[in-house]
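Report on the following structure.
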Amino acid sequence: MKIRPITTTLLAASLLLALAACKGPEAEQAKQDAQQAADSAGAAARDAVDKAAAATRDAADKTAAASEQAAADTQQALDKAADATANAADQAKVAATDAAAHASDATADAAQKVADKARDVANDAKANAAKEEAKH
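Numbering of the sequence shown is given in numbering that gives the first Met the number 0, commencing with residue 0 and proceeding in unit increments.
Structure, rendered in structure tokens:
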């Protein structure tokens, strides 16, 4: 809103009306009209300033509310991200534990197979030795 041009125009019109009226017989009425016009211009200017101030306060309130909502939304997003990270870490820990357990089981199975094979070879060697001794 452009307050200055409106006020300036109203004041200039009031002064011109006052100057023109001072020369005639209705000078007193012209002065009163000029005073009334000046009062009206002042009231209009005050009203415009009040409306501008109210609009500014309203805009500031809306901006503050939007900022508060954005902060709340950001905090909620951060909380969700932290929860997701914690869940992922828990799942990774469980997966690592399971993998270690499976690896231990596989190692134990492989060791058992090697031991079984060694026993079989030892038994075969013992049997062959017994056969050789029996031949002699």
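For each residue, glycine too, the CB sits at the ideal point set by N, CA and C.
Check                                                                                                                                        : Outcome
Is it buried or exposed for residue 95, if we count other Cβ within 10 angstroms and need 16 for buried?                                     : exposed
Taking the beta carbon of residue 76 as the centre, do at least 16 other beta carbons fall within 10 Å, making it buried, or is it exposed?  : exposed
Alpha carbon to alpha carbon, how far is residue 69 from residue 50? Give it in angstroms, no decimals.                                      : 28 Å
According to the neighbour-count rule (16 or more other Cβ atoms, all chains shown, within 10 Å of its Cβ), is residue 33 buried or exposed? : buried
Who are the Cβ neighbours of residue 0 in its own chain at under 8 Å, not counting the five residues just before and after it?               : Here residue 0 scores only 47 on pLDDT, less than 50, and its place in the model is too uncertain to base an answer on.
I need the straight-line Cα distance from residue 131 to residue 120, nearest angstrom please.                                               : 16 Å
Rounded to whole angstroms, what's the CA-CA distance from residue 109 to residue 117? Just pull it up for me.                               : 12 Å
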